[in-house]
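For the sequence shown, numbering that gives the first Met the number 0 assigns the number 0 to the initial residue and increments by one for each residue that follows.
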Amino acid sequence: MADAAPNRPVIILVRPQLGENIGKAARAMLNFGLTEMRIVNPRDGWPNPSAGPAASGADQVLDEAKIYNTTAEAVADCANIYATTVRKRGLTKPIVGPDEAAQQIMNQPGRSAILFGREASGLETEDVALAREILTVPINPEFGSLNLAQAVILCTYEWSKLQNLVQPTVEETLPPAPQEELDGLVKHLEAMLEPKGYFYPPDRVEMTRRTLRNVLTKPGWNHLEVRTLRGVLSHLNREDRDRS
Numbered sequence: 000m001a002d003a004a005p006n007r008p009v010i011i012l013v014r015p016q017l018g019e020n021i022g023k024a025a026r027a028m029l030n031f032g033l034t035e036m037r038i039v040n041p042r043d044g045w046p047n048p049s050a051g052p053a054a055s056g057a058d059q060v061l062d063e064a065k066i067y068n069t070t071a072e073a074v075a076d077c078a079n080i081y082a083t084t085v086r087k088r089g090l091t092k093p094i095v096g097p098d099e100a101a102q103q104i105m106n107q108p109g110r111s112a113i114l115f116g117r118e119a120s121g122l123e124t125e126d127v128a129l130a131r132e133i134l135t136v137p138i139n140p141e142f143g144s145l146n147l148a149q150a151v152i153l154c155t156y157e158w159s160k161l162q163n164l165v166q167p168t169v170e171e172t173l174p175p176a177p178q179e180e181l182d183g184l185v186k187h188l189e190a191m192l193e194p195k196g197y198f199y200p201p202d203r204v205e206m207t208r209r210t211l212r213n214v215l216t217k218p219g220w221n222h223l224e225v226r227t228l229r230g231v232l233s234h235l236n237r238e239d240r241d242r243s
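In structure tokens:
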């Protein structure tokens, strides 16, 4: 079922050329919690067999995508329309970045839509004329061409930052190991280094021990990491005994 929540923007692809780019745009949308895609007059028709593989599982977005003949028809039910472009087109309209646009979409009444133009030339002037505001980003003036999916990612990511989406790469971290375990690691290593003459000369022994402790303390090892390091030291020590 299409996402009709007022604060969730509709993503509108205007005259996209390649099915692969439509699929990648769908993937970017679903990554950041959006599902409503509208497509205006796609060059190669619809459905496009190249879109599915490029979507990498974002089939829901493609299956529910709606096709329109004109941009005006695609935005007819939207009150807040943003045209993505980095080019001046002789139109006097407010200019916002993706972060400001996301804030507006979250707080203003009525449906919002973000327009993205075709890969080769972007939005036409008549498309931009339908928008209330121009959405753009600081970009290299000598190379201002963004891939369609990249442009969708920029906008949808800023919107997603205002949501309570789960960050999938964050893992539960273990607390730092207690001092007793860290002391055991330090003493273990010192016991292995002592017979090999590491703490030399005598007048620098305490400084060397202190520096070694600082090196081992700085990373904030957790219990499993300390245990792993102790296992490594025990294995090395056992190899030394086996050779003697």
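Glycine is no exception: its CB is placed at the ideal position from the N, C-alpha and C atoms.
Problem - Own chain residues within Cβ distance below 8 Å of Pro46, not counting five before or after - result: Cβ neighbours of Pro46 within its own chain (closer than 8 Å, five residues either side excluded): Leu61.
Exercise for the section: Starting from Tyr199, trace the alpha helix (DSSP H) both ways and give me its first and last residue. Expected result: In the DSSP annotation of this structure, Tyr199 is not part of any alpha helix (DSSP H), being labelled neither H nor E.
Practice task
Could you give the DSSP three-state label for Asn79: helix, strand or coil?
Solution key: In the three-state reduction of the DSSP assignment, Asn79 falls in the strand class, which pools E and B.
Problem - First through last residue of the beta strand (DSSP E) which encompasses Ser159 - result: Looking at the DSSP string, Ser159 is not in any beta strand (DSSP E); the run it does join, the alpha helix (DSSP H), is Leu147 to Ser159.
Handout entry: Gln107 to Arg226 span [Cα, whole Å]
Key = Their backbone Cα atoms lie some 54 Å apart in a straight line.
Problem - Nearest candidate by alpha-carbon position, reference Ser55, set Ala27, Glu179, Thr155 and Asn6 - result: Of the listed residues, the one whose Cα sits closest to Ser55 is Ala27.
Exercise for the section: Let me know if Pro137 comes out buried or exposed under the rule of 16 or more other beta-carbons within 10 Å of its beta-carbon. Expected result: Around the beta-carbon of Pro137, fewer than 16 other beta-carbon atoms lie within 10 Å, marking it exposed.
Practice task
Could you tell me whether the Cβ atoms of Pro41 and Pro15 are closer together than 8 Å?
Solution key: Taking a C-beta distance under 8 Å as the contact criterion, Pro41 and Pro15 qualify as a contact pair.
Handout entry: C-beta atoms of Ala100 and Cys154 nearer than 8 Å
Key = Taking the C-beta atoms as reference points, Cys154 is found nearer than 8 Å to Ala100.
Handout entry: Distance between Pro175 and Leu220 (C-alpha atoms, nearest Å)
Key = In the sequence as presented, Leu is not what sits at residue 220; that position holds Trp. Spanning the alpha carbons of Trp220 and Pro175 requires a straight line of approximately 6 Å.
Problem - alpha helix (DSSP H) runs wholly inside the segment 4 to 32, at least 4 long, in chain order - result: Listed in chain order, the complete alpha helix (DSSP H) runs (minimum 4 residues) inside the segment 4 to 32 are 18 to 30.
Exercise for the section: Give me whichever residues DSSP pairs with Lys65 in a beta bridge. Expected result: Beta-bridge pairing links Lys65 to Arg37.
Handout entry: Closest residue to Gly143 among Gly196, Pro201 and Thr84 (Cα-Cα distance)
Key = Taking the Cα of Gly143 as reference, the smallest distance to any Cα among Gly196, Pro201 and Thr84 is reached at Thr84.
Exercise for the section: Give the DSSP-derived three-state secondary structure of Leu129 in the structure shown. Expected result: Coil, per DSSP.
Practice task
Report yes or no: do the segment 109 to 116 and the segment 8 to 24 share at least 3 C-beta pairs separated by less than 8 Å?
Solution key: Counting Cβ pairs under 8 Å, three or more are found: they touch.
Exercise for the section: Give the straight-line distance between the Cα atoms of Val65 and His222, rounded to the nearest whole angstrom. Expected result: Reading the sequence as shown, one finds Lys at residue 65 and not Val. So the alpha carbons of these two residues sit roughly 54 Å apart.
Handout entry: Opposing strand residues paired with Val95 [DSSP bridges]
Key = In the DSSP output, where bridge partners are listed per residue, Val95 has Leu134.
Exercise for the section: Return helix, strand or coil for Asn236, following the three-state DSSP convention. Expected result: When DSSP states are grouped into helix, strand and coil, Asn236 belongs to the helix group.
Handout entry: Residues bridged to Arg117 (per DSSP)
Key = DSSP lists Gly121 as partners of Arg117.
Exercise for the section: Rounded to whole angstroms, what's the CA-CA distance from Thr91 to Thr216? Just pull it up for me. Expected result: Distance between the alpha carbons of Thr91 and Thr216: 59 Å.
Handout entry: Strand pairing of Ser49, partner residues [DSSP]
Key = Looking at the DSSP assignment, Ser49 forms no beta bridge with any residue, so it has no partner.
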